[in-house]
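Down below is the structure, laid out as structure tokens.
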Amino acid sequence: MKLGVFDSGVGGASIALALTRSFPSAQIDSINDHKNVPYGDKSDSQVFLLTHTAIQPFLDGTYDVIILACNTATAVTIDQLRNQYPSQKFIGIEPMIKTASHLTKSNTIGVCATPATLSSRRYAKLVQTYGQHLDIIEPDCSQWAYLIENNQINRAHIESTIRSLCDRGADVIVLGCTHYHWIKELIAEIADNRAVIIEPSEAISRRVRQLIAV
Ligand code: DGL
């Protein structure tokens, strides 16, 4: 099995790591676009162009599945990519609103994601489908991907955001950007059991299994 994993930056490595654990004998190739990261503050047309250009090596027909390990690229490009490459299988990553809606007891959740993801039509549809009854808090995380990419994030950058989510009653915090997977433990430590932190690494492996029946 051959999988291609794409992200704008280091977020993809968290997904590639989970896939390597699930499929130790698979060939897992990763591409990131370190020179253009972050994508989260770019326009839809820029995100499409950058993503489409970056994943060209995966589009030679030899990859069983291309995984867009990036909420932002998924939100903006996956529909168009599926239309343009109908015989290629793609898996995308989206904020886990549905799972959060099942887990929350307070009906208040926090969604940490990039501005491009939060303003996308796909995200609006997710909220409409699974989150209409929820109070969804979307804090400003617009600097996080850049800081994580450049290894500059620290507790001070995220503490007030996470505290404020918990203080406002969020009992589930959705990590809607794969870069944030790298600070999941720090977020959990700050939340201090007041909220569960969810992200989709394991769900992606399950989806790969379903798609190619391994
Ligand atoms: N890791 C990406 C995501 O999941 C985006 C980070 C960025 O490039 O802004 O949304």
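The sequence shown begins at 1482 in the working numbering and counts up by one. For glycine and all other residues, C-beta sits at the position ideal for the given N, C-alpha and C. Quick caveat, the model's predicted, so the values are computed rather than measured.
CA-to-CA distance, residue j to residue i, given in whole angstroms
{"i": "Pro1505", "j": "Tyr1604", "result": "32 Å"}
{"i": "Gly1485", "j": "Pro1596", "result": "25 Å"}
{"i": "Arg1563", "j": "Leu1500", "result": "22 Å"}
{"i": "Asn1513", "j": "Phe1539", "result": "12 Å"}
{"i": "Ala1594", "j": "Ala1694", "result": "31 Å"}
{"i": "Asp1525", "j": "Tyr1627", "result": "18 Å"}
{"i": "Cys1551", "j": "Gly1612", "result": "21 Å"}
{"i": "Glu1670", "j": "Ile1509", "result": "31 Å"}
{"i": "Lys1606", "j": "Leu1584", "result": "20 Å"}
{"i": "Leu1498", "j": "Gln1609", "result": "32 Å"}
{"i": "Ala1554", "j": "Asp1648", "result": "31 Å"}
{"i": "His1533", "j": "Asn1631", "result": "24 Å"}
{"i": "Ser1495", "j": "Trp1663", "result": "7 Å"}
{"i": "Asp1560", "j": "Pro1567", "result": "10 Å"}
{"i": "Ala1581", "j": "Ala1637", "result": "26 Å"}
{"i": "Thr1558", "j": "His1515", "result": "18 Å"}
{"i": "Gly1591", "j": "Val1653", "result": "6 Å"}
{"i": "Ala1672", "j": "Ala1556", "result": "27 Å"}
{"i": "Leu1667", "j": "Ile1678", "result": "10 Å"}
{"i": "Tyr1544", "j": "Ala1535", "result": "15 Å"}
{"i": "Ser1600", "j": "Leu1531", "result": "18 Å"}
{"i": "Phe1529", "j": "Gly1542", "result": "20 Å"}
{"i": "Ser1587", "j": "Gln1537", "result": "44 Å"}
Delimiting residues of the alpha helix (DSSP H) encompassing residue i
{"i": "Asp1560", "result": "Asn1552 to Gln1565"}
{"i": "Phe1504", "result": "First-last for Phe1504: undefined, no H or E at that position."}
{"i": "Thr1589", "result": "Taken as a continuous stretch (DSSP letters only), Thr1589 belongs to no alpha helix (DSSP H), being part of the beta strand (DSSP E) at Thr1589 to Ala1594."}
{"i": "Lys1665", "result": "Lys1665 to Ala1672"}
{"i": "Gln1609", "result": "Arg1602 to Tyr1611"}
{"i": "Glu1630", "result": "Trp1625 to Glu1630"}
Selection from the options that minimises the alpha carbon distance to residue i
{"i": "Val1518", "options": "Arg1563, Lys1606, Tyr1661 and Val1491", "result": "Val1491"}
{"i": "Arg1688", "options": "Lys1570, Ile1643, Tyr1566 and Ala1554", "result": "Lys1570"}
{"i": "Ile1572", "options": "Gln1561, Val1546 and Ala1507", "result": "Val1546"}
{"i": "Ile1548", "options": "Leu1607, Phe1529 and Gly1493", "result": "Gly1493"}
{"i": "Lys1665", "options": "Glu1640, Leu1599 and Ser1503", "result": "Glu1640"}
{"i": "Ile1634", "options": "Val1653, His1660, Cys1647 and His1614", "result": "His1660"}
{"i": "Gln1691", "options": "Ser1503, Phe1487, Ala1672 and Leu1615", "result": "Ser1503"}
{"i": "Ala1507", "options": "Lys1483, Gly1521, Asp1488 and Phe1487", "result": "Lys1483"}
{"i": "Glu1575", "options": "Lys1516, Gly1657 and Ile1590", "result": "Gly1657"}
{"i": "Thr1589", "options": "Ser1511, Ser1601, His1614 and Asp1488", "result": "His1614"}
{"i": "Gln1527", "options": "Gly1542, Gln1624 and Ser1489", "result": "Ser1489"}
{"i": "Gly1521", "options": "Leu1530, Gln1565 and Gln1624", "result": "Gln1624"}
{"i": "Ser1511", "options": "Leu1599, Leu1530 and Phe1487", "result": "Phe1487"}
{"i": "Thr1598", "options": "Ile1629, Asn1674 and Lys1523", "result": "Lys1523"}
Continuous beta strand (DSSP E) stretch holding residue i: start and end
{"i": "Leu1711", "result": "Past the boundaries of the shown model lies residue 1711; the chain is included only from 1482 to 1695, so the question cannot be answered."}
{"i": "Ile1639", "result": "From DSSP, Ile1639 is part of no beta strand (DSSP E) but of the alpha helix (DSSP H) over Arg1636 to Asp1648."}
{"i": "Ser1584", "result": "According to the sequence provided, residue 1584 is Leu. The question's Ser does not apply to it. It is not in any beta strand (DSSP E) - Leu1584 instead sits in the alpha helix (DSSP H) that spans Ile1578 to Leu1584."}
{"i": "Lys1483", "result": "Lys1483 to Asp1488"}
{"i": "Leu1540", "result": "No beta strand (DSSP E) holds Leu1540; DSSP gives it neither H nor E."}
{"i": "Leu1656", "result": "Val1653 to Gly1657"}
{"i": "Val1689", "result": "Here Val1689 belongs to no beta strand (DSSP E); instead the alpha helix (DSSP H) covers Ser1682 to Ile1693."}
{"i": "Val1677", "result": "Val1677 to Ile1679"}
{"i": "Ile1617", "result": "Asp1616 to Ile1618"}
Item to check | Residues with C-beta closer than 6 Å to any heavy atom of the ligand DGL, in chain order | outcome: Qualifying residues come out as Asp1488, Ser1489, Gly1490, Gly1492, Val1518, Pro1519, Tyr1520, Gly1521, Cys1551, Asn1552, Thr1553, Thr1595, Thr1598, Ala1626, Cys1658, Thr1659 and His1660.
Item to check | Given 8 Å, three or more beta-carbon pairs between the stretch 1674–1693 and the stretch 1615–1628 | outcome: No, the stretch 1674–1693 is not in contact with the stretch 1615–1628.
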